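Protein chains in written order, with this note's numbering: chain A, 1270 to 1405; chain B, 847 to 1194. By construction, the Cβ of each residue, glycine as well, lies at the ideal position given by its N, Cα and C atoms. These figures come from a predicted structure and were not determined experimentally. What follows is one structure encoded as structure tokens, with my remarks underneath.
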């Protein structure tokens, strides 16, 4: 795994991969349901604000009071991405804190979950092996 | 009784005469969690009363049709069964009814009654019913398995009933007869409109249910984090049955009296801790839920979910997958219980 790569950089790379996995229509849906999702990883002292538009997902400045916040440990994300423990199990165990989500727009959030985990794996792999192996 | 509060009417056994349905064909539209026990209860009640009313099943689902046939019911398609019915019980899932009911109701006999087991489709104007049909509500407040068991045990179960459209002038008598035959009236049925039924049902499911679930999960994970034994926590929460007995006691003796019946330490600890809970925050969240139910926003989201092929379903199933510590602990307990039954001496 990408032990030497800063976690924030890994997440940014992950977002690059997610962009390639979502269609413009999906991005548009995400943008209309939750234009900003802040991810807070306290153990890694890292915050990532994911901004969605129809054109792309990008990283924006973290917000003091994000409208939609997902907080979890970096290890929780990695356990889910590498199949060690599902996000569902982590959620049930209180390892994921979600605030501000509109439950009637769950569908749009779900659309993001698998691409996100897959993208995290790809970003990790790229950082371990160099860009060519992951991008190919 | 408080003179300021006007309660809905409560109907009991003496209010329903199942002979009203003599000679009728009752079609159970959908042989699932609710359809199966209601069909069985109705058939047995008619037989016990020596009535010539018959129960048929309408289903377009292969597995449900096979189950209904195996139980000895004449089973045809939804539209065919509706066409034969004097009374048609609409038991398809709420979100499905908007797309299916028009076709099913188009073939109804003139004057046939339509009974909904949920107010959802009526309250949100998802269905158009024939003007010459009674439109009735009979909504059991009990799961299907318990509906059947309580019927067999002659305990009855609570339900809501109502008349949304009384084309025959006999709507109330008909739905009371149905409730009696289905085994509800020995406990009681409250009169309720479809609008009230759906608001009550969805509100308690979506306001109280999640808080109860969240409280259970939080208790479990805070306790386990602090080193308390997972199995002990689940035992306290629900495995022992004490909690369900407490809820039964609330129903029998009253909510507040039941809080005082577990000894002083329990009521002192529980009630003092309750004071520190931010109930306004809880209430605010619940008001938001109710607003979305009343405005139709929740119903729109549910219909959208159905039309899109239930995209949230796999995710929700994944969340309640079995790789979590709660499910693992439950499995361990069941194995331990089975082992100790098999070899009681070793368990000692």
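Check, Outcome
"Name the residues in the region 1352-1364 of chain A whose C-beta lies less than 9 angstroms from a C-beta of chain B; which are they?", "1354, 1355, 1356, 1357, 1358, 1359, 1360, 1361, 1362, 1363 and 1364"
"Of all the options B:881, B:914, B:1026 and B:988, which has the alpha carbon lying nearest to the alpha carbon of residue 865 (chain B)?", "B:1026"
"So, residue 1302 (chain A) versus residue 1368 (chain A), is the Cβ gap smaller than 8 angstroms?", "no"
"Flag residue 1171 (chain B) as yes if its beta-carbon sits less than 8 angstroms from any beta-carbon of chain A, otherwise no.", "yes"
"Given that a residue counts as buried once 16 or more other Cβ atoms are within 10 Å of its Cβ, and exposed if not, what is residue 856 (chain B)?", "exposed"
"Whether or not the region 990-998 of chain B and the region 885-899 of chain B are in contact is what I'm after, with contact meaning three or more pairs of Cβ atoms, one per stretch, closer than 8 angstroms; do they touch?", "yes"
"State the DSSP-derived secondary structure class of residue 1306 (chain A), mapped to helix, strand or coil.", "strand"
"Residue 1373 (chain A) versus chain B: which residues are under 7 angstroms apart at the beta carbon?", "1138, 1143, 1144 and 1147"
"Is the region 946-954 of chain B in contact with the region 973-984 of chain B, if contact means three or more CB pairs nearer than 8 angstroms?", "yes"
"Check whether chain A comes within 8 angstroms of residue 1151 (chain B), counting only Cβ atoms and requiring the distance to be less than that.", "yes"
"For residue 946 (chain B) and residue 903 (chain B), I'd like the C-alpha separation in whole angstroms.", "16 angstroms"
"At 8 angstroms on the CB atoms, spell out the chain B contacts of residue 1379 (chain A), in chain order.", "1157, 1158 and 1161"
"Check distances from the C-beta atoms of the region 1052-1073 of chain B to those of chain A and list, in chain order, the residues that come in under 7 angstroms.", "1063, 1064 and 1067"
"Name the residue from A:1279, A:1293, A:1331 and A:1332 whose alpha carbon lies nearest to the alpha carbon of residue 1322 (chain A).", "A:1293"
"Who are the neighbours of residue 1376 (chain A) on chain B, taking C-beta pairs under 9 angstroms?", "1147, 1150, 1151, 1154, 1157, 1158 and 1161"
"Would residue 1051 (chain B) be called buried (16 or more neighbouring beta carbons within 10 Å of its own) or exposed?", "exposed"
"Any beta carbon from chain A within less than 8 angstroms of residue 1164 (chain B)'s own beta carbon?", "yes"
"Note down the Cα distance separating residue 1179 (chain B) from residue 922 (chain B), rounded to an integer number of angstroms.", "44 angstroms"
"Name the chain A residues that come within less than 8 angstroms of residue 1167 (chain B), Cβ to Cβ?", "1355, 1357 and 1358"
"Strictly by DSSP, which residues pair up with residue 1172 (chain B)?", "For residue 1172 (chain B), which the question treats as bridged, DSSP gives no partner whatsoever."
"Residue 1009 (chain B) by DSSP, collapsed to three states: which one?", "strand"
"Go ahead and pull the three-state DSSP assignment for residue 1076 (chain B).", "helix"
"So, for residue 1228 (chain B): in the same chain, excluding its five sequence neighbours on each side, which residues have a beta-carbon less than 8 angstroms away from its beta-carbon?", "In the structure displayed, chain B extends from 847 to 1194; residue 1228 (chain B) sits before or after that span and is not available."
"Check for me: the beta strand (DSSP E) holding residue 1366 (chain A) runs from which residue to which?", "1365-1368"
"Determine which residues share a DSSP beta bridge with residue 1329 (chain A) and list them.", "A:1318"
"Check residue 959 (chain B) in the structure and name its three-state DSSP category.", "strand"
"Does DSSP put residue 1337 (chain A) in a helix, in a strand, or in coil?", "coil"
"Taking the alpha-carbon positions, what's the residue 962 (chain B) to residue 1048 (chain B) distance?", "16 angstroms"
"May I ask you to check if the CB of residue 1306 (chain A) is nearer than 7 angstroms to at least one heavy atom of the ligand NAP?", "Absence of the ligand NAP from the depicted structure is noted, as is the absence of any ligand whatsoever, leaving it without description."
"For a test of the three-state rule: what should DSSP assign to residue 1351 (chain A), helix, strand or coil?", "coil"
"Specify the secondary structure class of residue 1037 (chain B) as computed by DSSP and reduced to three states.", "strand"
"Rounding to the nearest angstrom, what Cα-Cα distance links residue 1017 (chain B) and residue 1376 (chain A) in this structure?", "41 angstroms"
"In whole angstroms, what separates the C-alpha of residue 1401 (chain A) from that of residue 1395 (chain A)?", "Low confidence applies here, because residue 1401 (chain A) scores a pLDDT of 49, under 50, leaving its location unreliable; read the following figure in that light. Whole-angstrom Cα-Cα distance: 7 angstroms."
"Measuring CA to CA, which of B:887, B:991, B:1155 and B:895 is closest to residue 869 (chain B)?", "B:895"
"Put residue 1096 (chain B) into one of helix, strand or coil per three-state DSSP.", "helix"
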